[in-house]
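When the count follows the numbering used here, it moves up by one through the sequence shown with no breaks and lands on 1261 for the last residue.
Note that beta-carbon positions come from the ideal geometry of N, C-alpha and C, so glycine has one too.
Values in this document were obtained by computation on a predicted structure and should not be read as measured data.
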Amino acid sequence: MTEIGTIYGGALYDLAEAEGLSAEILHQLQVLNKSFSQEPSYLSLLAAHRLSKEERCKILDDSFATQVHPYVLNFLKILTQKGYVRQFSNCCTAYETRYNEANNILPVTAVTAVALDAGQIKRLTEKLEARTGKAIALTNRVDADVLGGIRLDFDGKCLDDTVTHRLESVRTLLNNTIL
């Protein structure tokens, strides 16, 4: 996360929280961020200096005036006018971090070899909530390289109980064994 992302994303969060709109704004930012990551040429267009700032803001009005909250639209316009629109993703990350802190939410990524089913996700979420005392926002990422087991990534920590990790531990142990 960049300083610009932290400042601008934090400022938008403060405004949304004061107006009681933090959840709604978060959802809209997440949808836009996903859309922009799938279509990076749109951000390139908004950052293009060959178009005037007014033309770029008109593009935003035409695209989003009826689709997003005015705060989100104005936020995009400010980023565009200041030349920071490429920092939108960092702003979203900062906003989401502030939202999660304020609402006692811990984002957790569960990395598994195969997708977890709904029951497994529910049980894992309940166990993590009981252990941490926080609401858990669980994301399951499939990575065939883990072979089996589960790795939990959260709050800068990694709890690794995958087959790959166990094999690496055995390999390290064998390499350090003197025969």
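Which listed residue (the options) has its alpha carbon closest to that of residue i
i	options	result
alanine 1219	Pro1189, Asp1235, Arg1248, Ser1123	Pro1189
cysteine 1240	Ala1217, Ile1260, Leu1256, Thr1191	Thr1191
aspartate 1096	Val1113, Phe1157, Leu1255, Gly1201	Phe1157
leucine 1094	Pro1122, Leu1133, His1151, Ala1147	His1151
isoleucine 1086	Arg1248, Leu1161, Arg1180	Leu1161
6 Å CB neighbourhood of residue i in its chain, flanking five on each side removed
i	result
threonine 1244	Val1228, Gly1231, Arg1233
lysine 1135	Gln1163
phenylalanine 1146	Leu1155
isoleucine 1260	none
Backbone CA spacing between residue i and residue j [nearest angstrom]
i	j	result
glutamate 1250	glutamine 1110	42 Å
serine 1104	alanine 1130	30 Å
glutamine 1163	aspartate 1144	16 Å
glutamate 1137	lysine 1159	11 Å
glycine 1091	leucine 1210	28 Å
asparagine 1258	leucine 1127	55 Å
leucine 1255	arginine 1132	60 Å
asparagine 1115	threonine 1207	25 Å
aspartate 1242	threonine 1148	45 Å
threonine 1214	aspartate 1235	14 Å
glycine 1201	alanine 1212	17 Å
threonine 1179	valine 1252	37 Å
threonine 1246	proline 1122	35 Å
glycine 1165	lysine 1204	43 Å
Neighbourhood of residue i by C-beta, 8 Å cutoff - its chain only, sequence neighbours within 5 removed
i	result
asparagine 1182	Leu1188, Pro1189, Ala1219
phenylalanine 1118	Tyr1124, Leu1125, Phe1170, Ser1171
glutamate 1101	Tyr1153
Beta-carbon spacing of residue i, residue j below 8 Å
i	j	result
valine 1193	aspartate 1225	yes
leucine 1198	asparagine 1222	yes
isoleucine 1107	valine 1167	no
glutamate 1099	alanine 1184	yes
asparagine 1186	lysine 1140	no
glutamine 1112	cysteine 1174	yes
Contacts around residue i, its chain only, beta-carbon distance under 7 Å, and the 5 residues preceding and following it disregarded
i	result
threonine 1088	Ala1176
threonine 1084	Gln1169, Asn1172
Rounded distance between the beta-carbons of residue j and residue i, thought under 8 Å
i	j	result
leucine 1125	phenylalanine 1170	7 Å
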